[in-house]
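Residue numbers (my numbering), protein chains in the order written: chain A, 1 to 149; chain B, 1001 to 1149. Every residue gets a Cβ at the ideal spot worked out from N, C-alpha and C, and that includes glycine. Small disclaimer: the values here were computed from a predicted structure and weren't measured. Report on one structure; see the data block that follows.
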């Protein structure tokens, strides 16, 4: 019976804490983000939509207030389809700060379209869902050093 | 012994999942944020510095890349001391999405200084530290609808 208790303790302790310092979380989340971003860069917002949770919240420089929920994001992204053509990007200094069930990815992004470059700050908060998938619950895109309001 | 196993299960289950839907987390985090913001509005960045973790990451519209770490944030905020005079603010629609050990607060902010109003998107990611305090691990401030880069 002592063995049973030890196994239970081990299981829950592992579940609660083991992923906190797991570099695997960072690699997983950066890979998910890059896959969605690379679809976006070809005019397909579907990668981000599939990666976002039903209760996602969203900011970017074109929204006049926070968007709440996946349905609102789908409507917002609808006119974007086919309109983005990014030829090259640099995800600068991605960093993941994680607990066992939530993680925040931050990075700067340089997106190139022909001779133009747009420069971004990005925050993506991911939550580990009961089915074991990481989903975005908060997206915040902003320009680096915009002129003003 | 069965009772011991049940108690262990109860303890770890509660620790792992109970706070996910706890409105107490939302209230706690919004109160922490407002207290820091109200100090900021009087020219004192100390509220945010005390609330930020050693490994905090930070974006705002004046940074040309992400700031990493509390020491970098302290240096960045040093010239701000005494320079902010916000007479009134509206924290619009604050929302907290939480797991047991990490939570993301988002809101729009209208800050009034005399006749001027500045309008902001804000993301704050909080982590529950081993000492039971919530600390900010990621801050992202951006203007609502800035002109351009």
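Open item on the list: Quick check on residue 1061 of chain B - is its C-beta less than 7 Å from some C-beta in chain A?
Closed with: Working through the second chain from its first residue, we reach residue 1061 of chain B at position 61. So yes, residue 1061 of chain B belongs to the interface.
- [ ] For residue 1044 of chain B, decide whether its Cβ has a neighbour in chain A, counting only Cβ atoms nearer than 7 Å.
- [x] For the purposes of this step, residue 1044 of chain B is taken as residue 44 along the second chain, with counting starting at 1. It does not; no Cβ of chain A falls within 7 Å.
Task: Supposed close pair residue 1056 of chain B, residue 1139 of chain B - CB separation, criterion 8 Å - done: As a first step, residue 1056 of chain B is located in the second chain; it is residue number 56 there, counting from the start. As a first step, residue 1139 of chain B is located in the second chain; it is residue number 139 there, counting from the start. Correct: roughly 7 Å between the Cβ atoms.
TODO: Put residue 23 of chain A into one of helix, strand or coil per three-state DSSP.
DONE: The residue labelled residue 23 of chain A in the question sits at position 23 within the first chain. Helix, per DSSP.
Open item on the list: Counting only C-beta atoms, is residue 1110 of chain B closer than 7 Å to chain A at any point?
Closed with: In the second chain, counting from the first residue as 1, residue 1110 of chain B sits at position 110. Chain A contact via Cβ: absent.
TODO: Output, in sequence order along the chain, the residues in the segment 66-94 of chain A whose CB is closer than 8 Å to any CB in chain B.
DONE: Flagged, chain order: 66, 68, 92, 93.
- [ ] Have a look at residue 135 of chain A and residue 1092 of chain B and give me their C-alpha separation to the nearest angstrom.
- [x] What you label residue 135 of chain A is simply residue 135 of the first chain in a count that begins at 1. What you label residue 1092 of chain B is simply residue 92 of the second chain in a count that begins at 1. The alpha-carbon atoms of residue 135 of chain A and residue 1092 of chain B are separated by roughly 25 Å.
Task: Touch test, the segment 1065-1080 of chain B against the segment 1041-1057 of chain B, Cβ-Cβ under 8 Å, three pairs minimum - done: Counting C-beta pairs with one atom in each stretch, the segment 1065-1080 of chain B and the segment 1041-1057 of chain B have three or more that are closer than 8 Å, which means they touch.
Open item on the list: Strictly below 7 Å CB to CB, what residues from chain B border residue 104 of chain A?
Closed with: Reading the first chain from its first residue, position 104 is the one you call residue 104 of chain A. The contacting residues are 1125, 1137, 1138.
Task: Candidates A:88, A:132, A:106: closest to residue 169 of chain A by CA position - done: The displayed coordinates of chain A run from 1 to 149. Any statement about residue 169 of chain A would go beyond what the structure contains.
Task: alpha helix (DSSP H) segment containing residue 147 of chain A, residue limits - done: Here residue 147 of chain A refers to the residue found at position 147 of the first chain. Where residue 147 of chain A is concerned, there is no enclosing alpha helix (DSSP H), given that its DSSP letter is neither H nor E.
- [ ] Helix, strand or coil for residue 80 of chain A, going by three-state DSSP, please let me know.
- [x] Translated into the one-based positions of the first chain, residue 80 of chain A becomes position 80. Under the three-state reduction of DSSP, residue 80 of chain A is assigned to helix.
Open item on the list: Let me confirm a value: residue 1080 of chain B is counted as buried when at least 16 other C-beta atoms fall within 10 Å, else exposed. Which label applies?
Closed with: What you label residue 1080 of chain B is simply residue 80 of the second chain in a count that begins at 1. Residue 1080 of chain B should be labelled exposed.
Task: alpha helix (DSSP H) segments (min. 4 residues) lying fully within the segment 99-149 of chain A - done: none
- [ ] Output the distance between the C-alpha atoms of residue 1041 of chain B and residue 1085 of chain B, rounded to the nearest integer angstrom.
- [x] Looking up residue 1041 of chain B in the second chain gives position 41. Looking up residue 1085 of chain B in the second chain gives position 85. Roughly 6 Å between the two C-alpha positions.
Task: residue 58 of chain A, enclosing beta strand (DSSP E) - first and last residue - done: Locating residue 58 of chain A in the first chain gives position 58, where the first residue counts as 1. Where residue 58 of chain A is concerned, the enclosing beta strand (DSSP E) stretches over 52-59.
Open item on the list: Let me see if you follow: with CB-CB separation under 7 Å, is residue 1021 of chain B close to chain A or not?
Closed with: The residue given as residue 1021 of chain B occupies position 21 in the second chain. Only weak support is given to the placement of residue 1021 of chain B: the predicted model assigns it a pLDDT of 47, under 50, and the value that follows is read from those uncertain coordinates. Closer than 7 Å: no.
Open item on the list: Against residue 146 of chain A, what residues of chain B qualify as contacts under a CB-to-CB distance less than 9 Å, listed in chain order?
Closed with: What you label residue 146 of chain A is simply residue 146 of the first chain in a count that begins at 1. By Cβ distance, chain B contributes 1061, 1142, 1143, 1146, 1147, 1148, 1149.
- [ ] Within the same chain, show all residues whose beta-carbon is closer than 7 Å to that of residue 1033 of chain B, passing over the 5 residues directly before and after it, in chain order.
- [x] As a position in the second chain, residue 1033 of chain B is number 33, starting the count at 1. Taken in chain order, the residues that qualify are 1105, 1124.
Open item on the list: Per the DSSP calculation, residue 1089 of chain B is bridged to which residue(s)?
Closed with: As a first step, residue 1089 of chain B is located in the second chain; it is residue number 89 there, counting from the start. Answer by DSSP bridge pairing, in chain order: B:1111.
Task: Beta-carbon proximity list for residue 1077 of chain B, same chain, < 7 Å, skipping 5 on both sides - done: Your numbering for residue 1077 of chain B matches position 77 in the second chain. Excluding sequence positions up to five before and after residue 1077 of chain B, its CB lies within less than 7 Å of the CB of 1045, 1049, all in the same chain and listed in chain order.
Task: Close-in-space but distant-in-sequence residues of the same chain around residue 1052 of chain B (CB under 7 Å, 5 per side omitted) - done: Locating residue 1052 of chain B in the second chain gives position 52, where the first residue counts as 1. Within the same chain, residue 1052 of chain B has close Cβ partners 1070, 1073, 1135, 1136.
Task: C-beta atoms of residue 94 of chain A and residue 144 of chain A nearer than 7 Å - done: Position 94 of the first chain holds residue 94 of chain A. Position 144 of the first chain holds residue 144 of chain A. No, they are not a contact pair.
Task: Reference residue 1064 of chain B; option with closest CA among A:26, A:100, A:120 - done: The residue you call residue 1064 of chain B lines up with position 64 of the second chain. Out of A:26, A:100, A:120, A:120 has the C-alpha closest to the C-alpha of residue 1064 of chain B.
Open item on the list: Only counting the same chain, and skipping five residues up and downstream in sequence, which positions put a Cβ closer than 8 Å to that of residue 1148 of chain B?
Closed with: Along the second chain, one-based indexing puts residue 1148 of chain B at 148. Once the five neighbours on either side are set aside, residue 1148 of chain B has no close Cβ partner at all.
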